[in-house]
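Listed in order, the protein sequences are those of chains D and C.
Heads up: the first sequence begins at 1 in my numbering, then just goes up one per residue.
Heads up: the second sequence begins at 1001 in my numbering, then just goes up one per residue.
Glycine included, every Cβ here is placed at the ideal spot set by N, Cα and C.
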Amino acid sequence: MMVLVSYDVATTDEGGQRRLRRVAKMCKNYGQRVQYSVFECLVDPAQWTLLRNKLEKEIDPEKDSLRYYFLGANWQKRVEHVGAKPTFDQEGPLII
Amino acid sequence: MNTLYVTTQGAYLSKEGETVLVSVEGVKRLQIPVHTLGGIVCFGRVMCSPYLMGFCAENQIGMSFLTEYGRFLARVQGPVSGNVLLRREQYRRADASEFSIAITRFILTGKICNARSVLQRALRDHSDKISHQEVEQAVTTLGNALKRIESINNLDELRGVEGETARSYFNVFDQLITHQKDDFYFRGRNRRPPLDNVNCMLSFLYTLLLHDVRSALEVVGLDPAVGFLHRDRPGRPGLALDMMEEFRAFLADRLVLSLINLGQVKAKGFTKAETRAVMMSDDTRKEVIVAYQKRKQDEILHPFIGEKVAIGILFHIQALLLARYLRGDLDGYPPFIWR
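Take a look at the structure:
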């Protein structure tokens, strides 16, 4: 299934930079960065539980926020891209 | 599970966190989480960091290195993993002739059935374009061979039947090419190097198939080198070649036919070297890989487990079934038979 993860991490306070970096790294390990703080993650339910757990442990719920959008298995129909930084289809043929 | 094919010369693959990072001349081209991958195949001058290799080995992602033109060079294997007991049982059975014969018979049944289905399907779909008599003759030969192998209790004789059936199948293979007949013809199987366009594509697809089958065997903990129909020879993945037999006609051969008959490949996509070896152009090679990857995503009803699965998963299912048979959980190995 496809989950869109977006986050907002307060970088002004102490430790914010560190949290931001770590959240981004976790998302990167599970998905594709489509915009600065937006990731598309192609995961199965087990992997999703793992990722979600890791993310929620990392953030400071007082200052940061996470939003998940569940796009399901038929996500292709629900996503459109316009403009720069085209993405690649993780399920399609990967040839470089 | 997707496979990453790297055909860009000079590309560099490395591990970053839990992702595979592909860069070309220092510019990042692709970054992909490792858990979405089932295998990596590198063509020609592609470099990989040792850490990525280790990481792939750990996560049971098969890595193969081929020449630019698809000849197999090497494969990366990590520390020995999987179930020792299973592997020992595999060795024991490979040494015991009665078991080898039994497994070989199962494998050949799958191979011959699927080859026959390919011919029958052609008879049904293109009856106007092919010479009936010859193809029907081959179908009968294959059918008879299926009955004969039931009663053969000798490995060499079984191999003899395999040779015969392969010959009669390939004898009529040219008939199944219904379009672009001037550029694509099949006058018998040749390889190392392939001497015509059709053999060139066949060899290439067999290499891709071998990579996938081999990875599937390793994932379930079997030793791809110790086979039953194909006996041990240094550097030869005997078991992977065994298991490939049931997929050759159904997957690779049929794909070659449809690429030609639907005009997805053209004669100008092939070049002939002075050695008479035929090679594909980069675009044609990409076309073939894309077709293969797409085909693996098609779903099919598995006749034995009765579930709908993607063709790419078939290798894993068959490897599991073989492991179960070796462990004694199944009374026989049910080869994949295409209907």
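Residue i, DSSP secondary structure in three states
{"i": "residue 1067(C)", "result": "coil"}
{"i": "residue 1265(C)", "result": "coil"}
{"i": "residue 63(D)", "result": "coil"}
{"i": "residue 1199(C)", "result": "helix"}
{"i": "residue 1076(C)", "result": "strand"}
{"i": "residue 1256(C)", "result": "helix"}
{"i": "residue 70(D)", "result": "strand"}
{"i": "residue 1317(C)", "result": "helix"}
{"i": "residue 1161(C)", "result": "helix"}
{"i": "residue 1226(C)", "result": "coil"}
{"i": "residue 1002(C)", "result": "strand"}
{"i": "residue 113(D)", "result": "No answer is possible for residue 113(D): it lies beyond the span of chain D, which begins at 1 and ends at 96."}
{"i": "residue 1330(C)", "result": "coil"}
{"i": "residue 1095(C)", "result": "helix"}
{"i": "residue 1171(C)", "result": "helix"}
Residues that residue i bridges to, as DSSP identifies them
{"i": "residue 1062(C)", "result": "1039(C)"}
{"i": "residue 1048(C)", "result": "1013(C)"}
{"i": "residue 1280(C)", "result": "1270(C)"}
{"i": "residue 1300(C)", "result": "1309(C)"}
{"i": "residue 41(D)", "result": "3(D) and 31(D)"}
{"i": "residue 1021(C)", "result": "1014(C) and 1031(C)"}
{"i": "residue 8(D)", "result": "65(D)"}
{"i": "residue 1177(C)", "result": "Paired residue(s): none; residue 1177(C) is not in a bridge."}
{"i": "residue 1114(C)", "result": "Looking at the DSSP assignment, residue 1114(C) forms no beta bridge with any residue, so it has no partner."}
{"i": "residue 1292(C)", "result": "Residue 1292(C) is not bridged to any residue."}
Contacts around residue i, its chain only, beta-carbon distance under 7 Å, and the 5 residues preceding and following it disregarded
{"i": "residue 1089(C)", "result": "1326 and 1327"}
{"i": "residue 1341(C)", "result": "Missing from the structure shown is residue 1341(C); chain C here goes from 1001 to 1339 and no further."}
{"i": "residue 1333(C)", "result": "1103, 1106, 1321, 1322 and 1325"}
{"i": "residue 20(D)", "result": "9 and 11"}
{"i": "residue 1155(C)", "result": "1097, 1100, 1101 and 1104"}
{"i": "residue 60(D)", "result": "19"}
{"i": "residue 1044(C)", "result": "1009, 1067 and 1068"}
{"i": "residue 1355(C)", "result": "For chain C, the structure presents residues 1001 to 1339; residue 1355(C) sits outside this window and is missing."}
Member of the options whose CA lies at the smallest distance from the CA of residue i
{"i": "residue 1049(C)", "options": "1062(C), 1015(C) and 1247(C)", "result": "1015(C)"}
{"i": "residue 1038(C)", "options": "1156(C), 1260(C), 1215(C) and 1292(C)", "result": "1215(C)"}
{"i": "residue 1017(C)", "options": "17(D), 22(D) and 35(D)", "result": "22(D)"}
{"i": "residue 1203(C)", "options": "1041(C), 1155(C) and 1252(C)", "result": "1252(C)"}
{"i": "residue 48(D)", "options": "1040(C), 1054(C) and 1035(C)", "result": "1035(C)"}
{"i": "residue 1008(C)", "options": "1312(C), 1283(C) and 1098(C)", "result": "1283(C)"}
{"i": "residue 1177(C)", "options": "1320(C), 1040(C), 1259(C) and 1278(C)", "result": "1259(C)"}
{"i": "residue 1074(C)", "options": "1172(C), 1083(C) and 1063(C)", "result": "1063(C)"}
{"i": "residue 1315(C)", "options": "1022(C), 1057(C) and 1220(C)", "result": "1220(C)"}
{"i": "residue 67(D)", "options": "91(D), 56(D), 75(D) and 50(D)", "result": "56(D)"}
{"i": "residue 1172(C)", "options": "1209(C), 1205(C) and 1131(C)", "result": "1131(C)"}
{"i": "residue 1339(C)", "options": "1121(C), 1085(C), 1210(C) and 1094(C)", "result": "1121(C)"}
{"i": "residue 1319(C)", "options": "1263(C), 1243(C) and 1019(C)", "result": "1243(C)"}
{"i": "residue 1141(C)", "options": "1210(C), 1161(C), 1239(C) and 1028(C)", "result": "1161(C)"}
{"i": "residue 1012(C)", "options": "1262(C), 1033(C) and 1052(C)", "result": "1052(C)"}
{"i": "residue 1077(C)", "options": "1187(C), 1054(C) and 1263(C)", "result": "1054(C)"}
{"i": "residue 52(D)", "options": "63(D), 94(D), 95(D) and 29(D)", "result": "29(D)"}
{"i": "residue 1254(C)", "options": "1307(C), 1157(C), 1218(C) and 1291(C)", "result": "1291(C)"}
{"i": "residue 1279(C)", "options": "1193(C), 1093(C) and 1138(C)", "result": "1193(C)"}
{"i": "residue 85(D)", "options": "44(D), 13(D), 34(D) and 25(D)", "result": "34(D)"}
{"i": "residue 1275(C)", "options": "1212(C), 1126(C), 1195(C) and 1092(C)", "result": "1195(C)"}
{"i": "residue 75(D)", "options": "91(D), 63(D) and 65(D)", "result": "91(D)"}
{"i": "residue 1201(C)", "options": "1001(C), 1266(C), 1128(C) and 1127(C)", "result": "1266(C)"}
{"i": "residue 1311(C)", "options": "1257(C), 1277(C), 1212(C) and 1095(C)", "result": "1212(C)"}
{"i": "residue 1206(C)", "options": "1250(C), 1025(C), 1057(C) and 1059(C)", "result": "1250(C)"}
{"i": "residue 3(D)", "options": "69(D), 79(D) and 95(D)", "result": "69(D)"}
{"i": "residue 1208(C)", "options": "1179(C), 1153(C), 1040(C) and 1086(C)", "result": "1040(C)"}
{"i": "residue 13(D)", "options": "26(D), 62(D) and 50(D)", "result": "62(D)"}
Sequence-distant residues of the same chain with beta carbon closer than 8 Å to residue i, five excluded per side
{"i": "residue 1110(C)", "result": "1245, 1246, 1335, 1336 and 1337"}
{"i": "residue 1146(C)", "result": "1109, 1112, 1113 and 1116"}
{"i": "residue 1148(C)", "result": "1161"}
{"i": "residue 1241(C)", "result": "1210, 1227, 1229 and 1230"}
{"i": "residue 1123(C)", "result": "1130, 1132, 1135, 1136 and 1139"}
{"i": "residue 1119(C)", "result": "1135, 1138, 1139, 1142, 1169, 1172 and 1176"}
Cβ of residue i within 8 Å of any chain B Cβ
{"i": "residue 31(D)", "result": "The chain inventory of the structure shown lacks chain B, comprising the protein chains D and C."}
Cβ shell of residue i (< 6 Å), same chain only, five flanking positions each side left out
{"i": "residue 1000(C)", "result": "The requested residue 1000(C) does not occur in the structure, where chain C is confined to residues 1001 to 1339."}
{"i": "residue 1237(C)", "result": "1214, 1224 and 1225"}
{"i": "residue 1199(C)", "result": "1190"}
{"i": "residue 1281(C)", "result": "1269"}
{"i": "residue 1087(C)", "result": "1223"}
(message) Quick check: the segment 1215-1225 of chain C against the segment 1282-1296 of chain C, are at least 3 beta-carbon pairs closer than 8 Å?
(response) When C-beta atoms of the segment 1282-1296 of chain C are compared with those of the segment 1215-1225 of chain C, fewer than three pairs fall below 8 Å, so the two segments do not count as touching.
(request) Report yes or no: do the segment 1296-1311 of chain C and the segment 1067-1076 of chain C share at least 3 C-beta pairs separated by less than 8 Å? (result) Result no; under three Cβ-Cβ pairs closer than 8 Å.
(request) Assess, as a yes-or-no matter, whether the segment 1256-1273 of chain C is touched by the segment 1300-1316 of chain C under the definition of 3 or more beta carbon pairs within less than 8 Å. (result) Touching, no.
(message) Assess contact between the segment 1159-1177 of chain C and the segment 1103-1119 of chain C, defined as three or more Cβ pairs (one per stretch) separated by less than 8 Å. Is contact present?
(response) The segment 1159-1177 of chain C is in contact with the segment 1103-1119 of chain C.
(request) Answer yes if the segment 33-43 of chain D comes into contact with the segment 3-17 of chain D, meaning at least three C-beta pairs across the two stretches below 8 Å, and no otherwise. (result) Enough Cβ pairs lie closer than 8 Å, so yes.
(request) Take every Cβ of the segment 1025-1034 of chain C, pair it with every Cβ of the segment 1182-1192 of chain C, and state whether three or more of those distances are shorter than 8 Å. (result) Short answer: they don't touch.
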